[in-house]
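2 protein chains.
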Amino acid sequence: MKELLKTKGFKMTPQRELIFSAFFELGEHVSVDELYAKVREVDESVGYSTVWRNLKLICRVGLAEEVNIGDGVTRYDRVTHDPHGHLYCRECKQFFEFDSEAVVDLMSAVADRQGFRPEGFKVEIDGVCRQCLRKSKKDNRNGRSGRSRTDAEKASGQAKG
Amino acid sequence: MKELLKTKGFKMTPQRELIFSAFFELGEHVSVDELYAKVREVDESVGYSTVWRNLKLICRVGLAEEVNIGDGVTRYDRVTHDPHGHLYCRECKQFFEFDSEAVVDLMSAVADRQGFRPEGFKVEIDGVCRQCLRKSKKDNRNGRSGRSRTDAEKASGQAKG
DNA sequence: GCACAAATGAAATCGAAATTCATTTGCAAT
DNA sequence: ATTGCAAATGAATTTCGATTTCATTTGTGC
Ligand SMILES: [Mn+2]
Ligand SMILES: [Mn+2]
Ligand SMILES: [Zn+2]
Ligand SMILES: [Zn+2]
């Protein structure tokens with residue numbers, strides 16, 4: 018680790034060491050804020066921008082990559098394991114993963130056919146997870162409190178679920 | 018169109034009419050700024066927030082959906098044609114599309130298996146398009162001017178492109 | 001016409017990402 | 001061990017797209 022950085026021309030500092038190890042402890046889909054919080058548990062003095070810069074660095078040296086689902090916060094995902102896709106639950110805002118090898122193979126073929134050189138694949142399913150489905154079914158049974166329809170509800174007609 | 022909105026409880030205004038038709042003229046992957054510019058060509062007085070709100074409205078009534086590639090700008094894509102994926106070229110920043118029915122089928126199966134109710138699929142390939150590949154090959158032949166390596170290049174080892 | 005909710009436009013706000021800058025620090029060469 | 005200096009740090013600031021606020025205007029049903 019230290020070596021990987023050194024050979025790339027980066028210095029090792031206590032902050033960097035802390036940030037890197039905290040990131041790998043947290044593991045999956047880490048946001049800057051989450052990592053910052055984790056790091057501050059150990060060292061109150063580390064700055065936000067340092068955490069941010071080191072997260073970028075972790076990406077630059079190829080140990081993580083950005084994941085962007087469109088909710089406004091960038092998350093950072095270790096690139097240890099095989100290509101995988103994300104299931105993102107709009108209710109509980111949790112990520113689930115699935116093996117996407119088959120999907121990526123298919124996509125590679127598509128890219129080839131167009132003379133496109135692929136460098137990254139994004140495979141995401143947006144929806145509602147099993148738990149949240151169960152919960153909302155229960156809520157429905159108990160009946161929703163008699164509030165009137167919101168603008169959004171009007172716009173989308175009947176709620177899809 | 019006017020009817021679609023009316024039945025959903027929205028009013029028709031000159032601005033809205035202009036914005037809607039401008040959007041459908043532009044077609045694919047339209048950003049707020051692009052649409053705003055287009056609209057202002059016709060009517061200087063239309064406000065940015067009106068364009069923004071109507072773009073949201075177009076989505077809410079199901080005529081478009083947001084596309085987010087992670088470059089920081091949200092784009093809006095008509096939902097006329099079949100499910101499709103995007104090829105995004107990091108060089109020329111252009112989108113290309115491909116039919117993703119097979120891919121989506123595969124993904125649906127995955128979601129099912131996990132008890133996940135899918136509501137949207139994102140299938141993206143990030144890379145370099147045919148044209149840009151050709152161009153960069155030519156550039157290489159002519160040799161790059163002798164500037165020193167940038168930080169980013171150091172970080173990523175050999176430049177990928 | 002009238003009432004009133006919906007829509008508009010300008011300006012303000014929000015928030016994550018990114019940058020600036022003065023200071024400190026790692027580290028390689030003496 | 002000293003020293004030179006680029007790299008790294010932390011606080012503050014800036015950026016910039018997205019979103020909200022609010023006073024005013026407008027569309028629609030009566
Ligand atoms: Mn992941
Ligand atoms: Mn598209
Ligand atoms: Zn959930
Ligand atoms: Zn290109």
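Residue numbers (my numbering), protein chains in the order written: chain A, 18 to 178; chain B, 18 to 178. By construction, the Cβ of each residue, glycine as well, lies at the ideal position given by its N, Cα and C atoms. Fair warning: this is a prediction, and the values are worked out from it, not measured in the lab.
Cβ-heavy atom distance, residue i to ligand 1, below 7 Å
i                    : result
phenylalanine 112(A) : yes
aspartate 99(A)      : no
valine 84(A)         : yes
histidine 103(B)     : no
Cβ pair residue i, residue j closer than 8 Å
i                   : j                 : result
glutamate 141(B)    : lysine 139(A)     : yes
leucine 104(B)      : glutamine 131(A)  : yes
valine 120(B)       : methionine 124(A) : yes
aspartate 99(B)     : histidine 46(B)   : no
asparagine 85(A)    : asparagine 85(B)  : yes
valine 63(A)        : alanine 81(A)     : no
phenylalanine 27(A) : leucine 74(A)     : yes
Residue i, buried or exposed, once every other Cβ within 10 Å from all chains shown has been counted against 16
i                 : result
valine 145(A)     : buried
asparagine 157(B) : exposed
proline 31(B)     : exposed
leucine 21(B)     : exposed
tyrosine 53(B)    : buried
valine 78(A)      : buried
arginine 166(A)   : Unreliable placement is indicated for arginine 166(A), whose pLDDT of 43 sits below 50; the coordinate value is still reported in the next sentence. Exposed is the call here.
Residue i beta carbon near ligand 4 (any heavy atom closer than 7 Å)
i                : result
glutamine 148(B) : yes
glutamate 45(B)  : no
Cβ-heavy atom distance, residue i to ligand 3, below 7 Å
i                : result
glutamate 141(A) : no
glutamate 108(A) : yes
valine 56(A)     : no
valine 145(A)    : yes
Any non-hydrogen atom of ligand 2 within 7 Å of residue i CB
i               : result
valine 127(A)   : no
aspartate 94(B) : yes
Given residue i as reference, the closest of the options once Cα atoms are compared
i                : options                                       : result
arginine 33(B)   : Ala54(B), Trp69(B), Gly132(B) and Glu118(B)   : Trp69(B)
aspartate 143(A) : Val96(A), Phe115(A), Lys28(A) and Lys155(A)   : Phe115(A)
valine 56(A)     : Phe37(A), Lys73(A), Arg92(A) and Lys28(A)     : Phe37(A)
glutamate 83(B)  : Thr24(B), Gly137(B), Lys28(B) and Gly26(B)    : Gly137(B)
glycine 89(A)    : Lys110(A), Pro135(A) and Leu150(A)            : Lys110(A)
proline 190(A)   : Phe133(B), Asp129(B), Arg134(B) and Leu150(B) : The first residue shown for chain A is 18 and the last is 178, placing residue 190(A) beyond what the model contains.
glutamate 118(A) : His101(A), Val59(A), Phe112(A) and Cys106(A)  : His101(A)
aspartate 60(B)  : Leu35(B), Phe41(B), Phe40(B) and Leu74(B)     : Leu35(B)
valine 49(B)     : Lys23(B), Phe133(B), Phe27(B) and Cys76(B)    : Cys76(B)
arginine 92(B)   : Gly44(B), Lys155(B), Tyr65(B) and Ser66(B)    : Gly44(B)
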